[in-house]
Amino acid sequence: MALLPFVPQGPRLRALVVAVVCAVPATELVLQWKAHRLLRTDLVAAMDALTSVDPRYGVTLNPSMDRTQVMSGRPVRFVTDAARRRTSGQPLDPRRPSLVFAGESTVVGHGLEWDETFPALLGARLGLQVVNVASMNYRLDQSWQRLADQLSQLERPVAAVGFFLPGLLGREFAAGPHPVARPRGSSVEIVPPEQPTFWRRSGFYRIFRHLYWSDADLSEGMASLSAVLRAMDGAARQRGIPMVFVVTGHTPQWMLDELFVKNGLDYVVVEIPREELLADGHPNQQGARHIADALALRLQHLLH
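Yeah, the sequence shown ends on 409 if you go by the numbering used here, and it's all consecutive.
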């Protein structure tokens, strides 16, 4: 009540209401513009040029593509086959002993030529064909679907390699516009997301979700990741082959324990020094060799 004398009245109140009504959409436009500007333009350009929507897997590398794209300041050639897999340009033979890789942009080799990627380096070192079903910005459930489908099509898979970093939690996050994975027997059920409301598409909401995750949201997101990681390992076990996960991005110990140790999953922690990263945060040639070296030690132990 003590504040009532300070509340504008009459024309002043109407002017204040008009100012607020005009300020909200103007602020929303600024937030949307700012959010877009926060993304590196070369990353956005690469996504637009190299990917398209697949009816089963979502946004994935274009099929049958041979394109040179500027990444981190240099041209990089991307060659894919009809199944949207990045390749060296040589056709893949399903009868050959193969290493299968699933994951996101680090696994597909963003910013690197094919021969510089850690899957290509590892395949050459072990003398195995590389089948890479990774794609930019993949969620973990997309990686699982690609891996499971691919393993069923190969006659002689030898091992599978997955990829994890904490940022995948944000992509799988239950409160966001992404599917949620829930355990269903030995596999998982992917629950489609609800259509986002106007509020959930707004810049205000995106800032709010960036700053605040409830305990329930975090628990559901972790449960989703855990279910998919187990399903990926299960898909490899069904073919009688080992599954090893590369874990990076300074994953905290509690997350390692919750997702990998408790689930009995095989993983290798590989932290890439700053000097081995490209400007956009992906591993450079030395960083890729760093990952390949760590995986080679683990796989050589498992395969012999």
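Quick reminder that beta carbons are idealized off the backbone N, C-alpha and C, glycines included.
- Comparing C-alpha distances from Pro-271 to each of Trp-359, Ala-321 and Val-263 shows the shortest one belongs to Trp-359.
- Counting only runs that start and end inside the segment 214–276, the alpha helix (DSSP H) elements of at least 4 residues fall at 223–231 and 245–256.
- Taking C-alpha positions only, Arg-251 is separated from Ala-207 by approximately 7 angstroms.
- Assigned with DSSP and collapsed to three states, Ser-203 falls in strand.
- Beta bridge pairing from DSSP links Met-348 with Ala-265.
- The alpha-carbon separation between Val-366 and Ser-257 amounts to approximately 27 angstroms.
- Rounded to the nearest angstrom, the gap between the Cα atoms of Arg-379 and Gln-391 is 11 angstroms.
- Spatial neighbours of Glu-218 in its own chain (CB-CB distance under 7 angstroms, excluding positions within 5 residues in sequence) are listed in chain order as Val-181 and Arg-182.
- Residue nearest to Leu-233 within the set Thr-211, Val-374, Ala-265 and Asp-254 is Ala-265 (criterion: CA-CA distance).
- Boundaries of the beta strand (DSSP E) around Gln-174: 171–176.
- Three or more beta-carbon pairs separated by less than 8 angstroms are not found between the segment 149–160 and the segment 193–203, which leaves the two stretches without contact.
- The DSSP-derived three-state label of Thr-156 is strand.
- Looking from the CA of Trp-249, the closest CA among Leu-259, His-387 and Val-205 belongs to Val-205.
- Exclusion of the five residues before and after Asp-198 leaves Gln-234 as the residues of its chain whose Cβ lies within less than 7 angstroms of its Cβ.
- When secondary structure is reduced to three states using DSSP, Arg-182 falls in the strand class.
- Within the segment 336–386, the alpha helix (DSSP H) runs of at least 4 residues that lie entirely inside it are, in chain order, 358–361.
- In the DSSP assignment, Leu-400 falls within the alpha helix (DSSP H) that extends over 390–408.
- Assignment of Gly-326 by DSSP, reduced to helix, strand and coil, places it in the helix class.
- Leu-364 and Arg-403 have their C-alpha atoms spaced approximately 19 angstroms apart.
- Rounded to whole angstroms, the gap between the alpha carbons of Asp-322 and Ala-332 is 15 angstroms.
- Collapsing the DSSP output to three states places Thr-192 in coil.
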